[in-house]
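S.K.: Just passing along the structure, written as structure tokens.
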Amino acid sequence: EPEVTQTPSHQVTQMGQEVILRCVPISNHLYFYWYRQILGQKVEFLVSFYNNEISEKSEIFDDQFSVERPDGSNFTLKIRSTKLEDSAMYFCASSEGSGGAWTQYFGPGTRLLVL
Amino acid sequence: KQEVTQIPAALSVPEGENLVLNCSFTDSAIYNLQWFRQDPGKGLTSLLLIQSSQREQTSGRLNASLDKSSGRSTLYIAASQPGDSATYLCAVEGGSYIPTFGRGTSLIVHP
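Top to bottom, those sequences are chains A and B.
Residue numbering for the first sequence follows the numbering used here, beginning at 3 and increasing consecutively.
Residue numbering for the second sequence follows the numbering used here, beginning at 177 and increasing consecutively.
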């Protein structure tokens, strides 16, 4: 069964460093998403992406964050200058369509630790 | 702003019991509601998606209902098994197709 994959599974970085989290969505999906989950907290929406553009973004997704689909398969989340509070599990998801009947399929996540 | 609440926060039951997990949301203008399962340190697995025009969905031992007007959904798990132990998340998708998640119900089913 097709699945969303994410790399790396774990990332440790120093505060102020840039990190890039990578995702390979399911191949025939058109909508891509990033979420984060701080330890013990709710899953929070960050951004949705369709047709090479950001569709929606939350208040969390500020200028320090960016997303890109550099080729036909990868979808990346970049954090330019990491802060301690960026430590969280980051999930990528994809879906065939948006809203209504379309299920989002989640990857296993990247656990980011900022020291 | 949409708020999603899940009750109970934690549940521990013996194997074989039938369970009801509750989810409530404050804004009834939703497109869908989805129930997910999350295993420790892992991603989310979609269990059931109920569109706003539907009242329930079933998959195996799972049944989810939706009462949009009252802002409630329940996930019913029949004949629980130790393998059902996980955190169950409810998420509603409203305007702009942005999902809002609850904190989840942590379920332990012991043999």
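Glycine included, C-beta positions come from ideal geometry on N, C-alpha and C.
Is PRO258 of chain B helix, strand or coil when you go by DSSP?
M.R.: helix
S.K.: Taking only beta-carbon positions, decide if GLU58 of chain A is within less than 8 angstroms of chain B.
M.R.: yes
S.K.: Hey, would you say TYR92 of chain A sits closer than 8 angstroms to LEU114 of chain A, going by beta carbons?
M.R.: yes
S.K.: Taking buried to mean at least 16 other C-beta atoms within 10 Å of its own C-beta, is THR234 of chain B buried or exposed?
M.R.: exposed
S.K.: Buried or exposed for ALA225 of chain B, please, with buried defined as at least 16 other CB atoms from any protein chain shown within 10 angstroms of its CB.
M.R.: According to the sequence provided, residue 225 of chain B is Leu. The question's Ala does not apply to it. Burial call: buried.
S.K.: Which residue's Cα is closest to the Cα of ARG237 of chain B: B:GLN227, B:TYR252, B:CYS266 and B:ARG213?
M.R.: When each option's Cα is compared against that of ARG237 of chain B, the closest is B:TYR252.
S.K.: Check the Cβ-Cβ distances between THR105 of chain A and every residue of chain B, and say whether any is below 8 angstroms.
M.R.: yes
S.K.: Give me the chain D residues within the contact set of GLY109 of chain A, using Cβ-Cβ distance strictly less than 7 angstroms, ordered along the chain.
M.R.: Absent here is chain D; the protein component of the structure consists of chains A and B.
S.K.: Within 8 angstroms (strictly less), CB to CB, does TYR273 of chain B reach chain A?
M.R.: yes
S.K.: Considering only C-alpha positions, which residue in the set B:PRO190, B:GLU193 and B:CYS199 is nearest to VAL180 of chain B?
M.R.: In terms of Cα proximity to VAL180 of chain B, the closest of B:PRO190, B:GLU193 and B:CYS199 is B:CYS199.
S.K.: What residues are listed by DSSP as bridge partners for LYS80 of chain A?
M.R.: A:ILE22 and A:SER68
S.K.: Going along the chain, which residues of its own chain have a beta-carbon closer than 8 angstroms to the beta-carbon of GLU191 of chain B, five neighbours each way excluded?
M.R.: SER256, GLN257, PRO258, VAL285, HIS286 and PRO287
S.K.: Return no unless some Cβ of chain A is closer than 8 angstroms to the Cβ of GLY278 of chain B.
M.R.: yes
S.K.: Which residues of chain B have a Cβ atom closer than 7 angstroms to the Cβ of SER96 of chain A, listed in chain order?
M.R.: Within chain B, no residue has its CB atom less than 7 angstroms from the CB of SER96 of chain A, the nearest being about 12 angstroms off.
S.K.: So, is ARG231 of chain B buried or exposed, given that buried needs 16 or more other C-beta atoms within 10 angstroms?
M.R.: With fewer than 16 neighbouring CB atoms inside 10 Å of its own CB, ARG231 of chain B falls in the exposed class.
S.K.: Identify, in the order they occur along the chain, each residue of the same chain with its Cβ nearer than 6 angstroms to the Cβ of PHE34 of chain A, setting aside the five sequence neighbours on each side.
M.R.: PRO27, PHE51, PHE77 and SER96
S.K.: When you check each C-beta in the region 21-45 of chain A against every C-beta of chain B, which residues fall closer than 7 angstroms?
M.R.: LYS44 and VAL45
S.K.: To which residues of the same chain is PRO10 of chain A closer than 7 angstroms at the C-beta, ignoring the five residues directly before and after it?
M.R.: THR112
S.K.: So which of A:PHE108, A:THR84, A:LEU32 and A:HIS31 has the shortest CA-CA distance to ILE22 of chain A?
M.R.: Nearest option by C-alpha distance: A:THR84.
S.K.: Mind pulling the chain B residues with CB within less than 7 angstroms of PHE47 of chain A?
M.R.: Annotation: Cβ neighbours of PHE47 of chain A in chain B (cutoff 7 angstroms, chain order): ILE274 and PRO275.
S.K.: Less than 8 angstroms between CB atoms is the rule here; does GLN227 of chain B satisfy it with respect to chain A?
M.R.: True, the Cβ-Cβ gap to chain A drops below 8 angstroms.
S.K.: Apply the 10 Å Cβ neighbour rule to ALA185 of chain B and answer buried if 16 or more other Cβ atoms are within range, or exposed otherwise.
M.R.: exposed
S.K.: DSSP three-state call for ILE265 of chain B: helix, strand or coil?
M.R.: Per the sequence shown, the amino acid found at residue 265 of chain B is Leu instead of Ile. It is a strand residue.
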